[in-house]
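Colleague: For the sequence shown, counting from 1, position 139 maps to 133 in this note's numbering; every step adds exactly one.
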Amino acid sequence: VMNIPDAGASKKKPGAENAPKQAVITPALIVLTALFMLLSLSVAGINNFGVVALMSGYGTSYSAANVMLTAFLGASAAGVLAGGFLADHTERHGYVAAACFAVNAAIVLLIALVTLPGWALTAAMTLAGFLSGVIAPSRDMLVRNAAPPGAAGRAFGIVSTGFNLGGIISPLLFGWIMDQSAPHWVFGASVVFMVATVVLSPFTERKREAKA
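1) Arg133: buried (16+ other C-beta within 10 angstroms of its C-beta) or exposed?
2) Could you tell me how far apart the beta carbons of Ala28 and Ala140 are, in whole angstroms, since I believe they sit closer than 8 Å?
3) Quick one: complete alpha helix (DSSP H) runs, 4+ long, within the segment 144 to 205?
4) Rounded to the nearest angstrom, what separates Ala117 and Thr64 at their Cα positions?
5) When the Cα of Leu115 is compared with those of Ala58, Gly88 and Ser164, which residue comes out closest?
6) DSSP state of Ile19, grouped into three classes?
7) Check whether the Cβ atoms of Gly123 and Phe66 sit closer than 7 Å, and answer yes or no.
8) Buried or exposed, going by whether 16 or more other CB atoms sit within 10 Å of the CB of Leu35?
9) At which residue ranges does the segment 28 to 82 contain complete alpha helix (DSSP H) runs of 4 or more residues, listed in the order of the chain?
10) Is it the case that the Cβ atoms of Ile129 and Ala93 are separated by a distance below 7 Å?
11) Does the contact criterion of 3 or more C-beta pairs under 8 Å hold for the segment 184 to 194 versus the segment 92 to 111?
12) Hey, quick one: how far does the alpha helix (DSSP H) through Val102 stretch, first residue to last?
13) Drop a sphere of 10 angstroms on the beta-carbon of Val25, count the other beta-carbons inside from all chains shown, and report buried for 16 or more, exposed for fewer.
In structure tokens:
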């Protein structure tokens, strides 16, 4: 019988053992997947149902409601840029996320409970959008810190399914809210998910510290 050399034999050092593979799905990534789902749910209602909620519950015109949503989305993009600079100057990404969403929850709660004049409502939507964007870089840094060595891409793939789960739930939930003629609860439900995000975010930070 001919002895065919192993193609990988030259790469193995004598006496070397195969390194055990690390599990990609870790408790930290499971928590982060839940965090991504909550993040999706906290803004999906405003993104997708904000215009109709503002028109039916706040007496705003179609044009004004679209301006408010545009301000929310545009400020969110600006917030991502600002959040990038912030993420470069801090290691407490979980607490940054919690702080931003705590303030954001207070602003959106104000929108849900108080009938604001048009200019104040636009300003509140703008600030809420900005803070929603600020969290994005810190959120991604949490994933990078929690990812096992050499598995960052797979880790991001796993936690990103949280966005998909939120995308499945949000149309059903917020559509049902509008069917109940409760447009203010589009913002109220968003507050609930923001508060849940605030509670969960520090736990992702603690898991990172425990790993270190």
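Positions of the beta carbon are idealized from the N, C-alpha and C atoms, including for glycine.
Modeller: Per the coordinate set shown:
1) Mapped onto the sequence shown, residue 133 falls at position 139. With 16 or more Cβ atoms within 10 Å of its Cβ, Arg133 is classed as buried.
2) As a first step, residue 28 is located in the sequence shown; it is residue number 34 there, counting from the start. As a first step, residue 140 is located in the sequence shown; it is residue number 146 there, counting from the start. Going by Cβ atoms, the distance from Ala28 to Ala140 rounds to 13 Å, so no, they are not a contact pair.
3) Fully enclosed alpha helix (DSSP H) runs of no fewer than 4 residues occupy 146 to 173 and 178 to 205 of the segment 144 to 205, in order along the chain.
4) Indexing the sequence shown from 1 puts residue 117 at position 123. Indexing the sequence shown from 1 puts residue 64 at position 70. A direct Cα-Cα distance of roughly 12 Å separates Ala117 from Thr64.
5) Walking along the sequence shown from the start, residue 115 turns up at place 121. Answer by Cα proximity: Ala58.
6) Here residue 19 refers to the residue found at position 25 of the sequence shown. Looking at Ile19 - three-state DSSP - the assignment turns out to be coil, as it is neither helix nor strand.
7) Sequence index remark: in the sequence shown, residue 123 carries index 129 (1-based). Sequence index remark: in the sequence shown, residue 66 carries index 72 (1-based). By the CB criterion at 7 Å, Gly123 and Phe66 fall inside the cutoff.
8) Here residue 35 is taken as the residue at index 41 of the sequence shown, counted from 1. Buried, because 16 or more other Cβ atoms sit within 10 Å of the Cβ of Leu35.
9) Listed in chain order, the complete alpha helix (DSSP H) runs (minimum 4 residues) inside the segment 28 to 82 are 56 to 82.
10) Counting from 1 along the sequence shown, the entry for residue 129 is found at position 135. Counting from 1 along the sequence shown, the entry for residue 93 is found at position 99. Ile129 places its beta carbon 7 Å or farther from that of Ala93.
11) In short, these stretches touch, since the Cβ pair count reaches three.
12) Start at 1 with the first residue of the sequence shown, and residue 102 comes out as number 108. Val102 -> alpha helix (DSSP H) spans His87 to Leu107.
13) Mapped onto the sequence shown, residue 25 falls at position 31. With at least 16 other beta carbons inside 10 angstroms of its own, Val25 counts as buried.
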